[in-house]
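S.K.: Questions regarding the structure given below will be posed in turn.
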Amino acid sequence: MSRAPPTLLLVEDDSDLRDALVEILVAEGHTVAATASGDEALAWLEAHPCPALLLVDMWTPRKDSWRLLDTLHREPRFADLPVMAISSSEERHPAIREVLSKPFDREALLAGVRRFVHPLH
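Residue numbers are given in the UniProt record's numbering: position 92 of the sequence shown equals residue 92, and the series is strictly consecutive.
Below you can see the structure in the form of structure tokens.
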């Protein structure tokens with residue numbers, strides 16, 4: 001009996017980058033749910049089991065990634081959810097476990113993800 005691949009939740013407002021990141025992560029054996037905003041991510045989290053990792057672009061146009069992090073930090077059910085921020089600056093928030101600095105390459109992304117999640121293949 002095989003397990004389903006771990007689900008990652010991605011928040012990225014740039015559709016081209018979001019699609020590229022999903023393609024890379026799926027090729028690595030992950031299931032990826034992708035949203036364009038922190039608000040969409042919150043709605044996804046309300047409707048689904050907690051993902052194995054949240055990757056969040058910190059500088060979306062509506063700046064709602066910060067609201068997402070504040071919610072995660074306040075909610076006990078998300079206490080164990082690792083958050084990897086994607087940013088061109090060093091971000092600080094209690095919910096963030098690691099920052100993936102822009103610009104980044106495929107290997108840096110995958111190395112960061114592997115620190116928190118192990119794919120099935």
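We treat Cβ as the ideally placed atom computed from N, Cα and C, and that holds for glycine.
Note that the coordinates shown come from a computational prediction; the quantities given were computed from them, not determined experimentally.
For the segment 66 to 81 against the segment 47 to 56, are there 3 or more C-beta pairs whose distance is under 8 angstroms?
M.R.: Touching, yes, given that three or more Cβ pairs across the two stretches are closer than 8 angstroms.
S.K.: Quick check on the DSSP output: the alpha helix (DSSP H) that includes Glu107 runs from which residue to which?
M.R.: Here residue 107 is taken as the residue at index 107 of the sequence shown, counted from 1. Start and end: Arg106 to Arg114.
S.K.: So Pro49 and Thr31 are in contact, right, with Cβ under 8 angstroms, and what is the actual spacing, rounded?
M.R.: Position 49 of the sequence shown, counting from 1, holds the residue named residue 49. Position 31 of the sequence shown, counting from 1, holds the residue named residue 31. At roughly 11 angstroms, the Cβ-Cβ gap does not stay under 8 angstroms, so Pro49 and Thr31 are not in contact.
S.K.: By the three-class DSSP mapping on this structure, what secondary structure does Ser88 have?
M.R.: The residue you call residue 88 lines up with position 88 of the sequence shown. DSSP places Ser88 in coil when its eight states are reduced to three.
S.K.: Just list the residues that DSSP pairs Ser37 with in beta bridges.
M.R.: As a first step, residue 37 is located in the sequence shown; it is residue number 37 there, counting from the start. Ser37 pairs with nothing; no bridge assigned.
S.K.: Looking at Met58 and Ala27, is the spacing between their C-beta atoms short of 9 angstroms?
M.R.: If you number the sequence shown from 1, residue 27 lands on position 27. If you number the sequence shown from 1, residue 58 lands on position 58. Their beta carbons are not under 9 angstroms apart, which means Ala27 does not touch Met58 by this criterion.
S.K.: Given a threshold of 16 other Cβ atoms within 10 Å of its Cβ, counted over all protein chains shown, does Glu46 qualify as buried or as exposed?
M.R.: Reading the sequence shown from its first residue, position 46 is the one you call residue 46. Looking at its Cβ environment, which holds fewer than 16 other Cβ atoms inside 10 Å, Glu46 is exposed.
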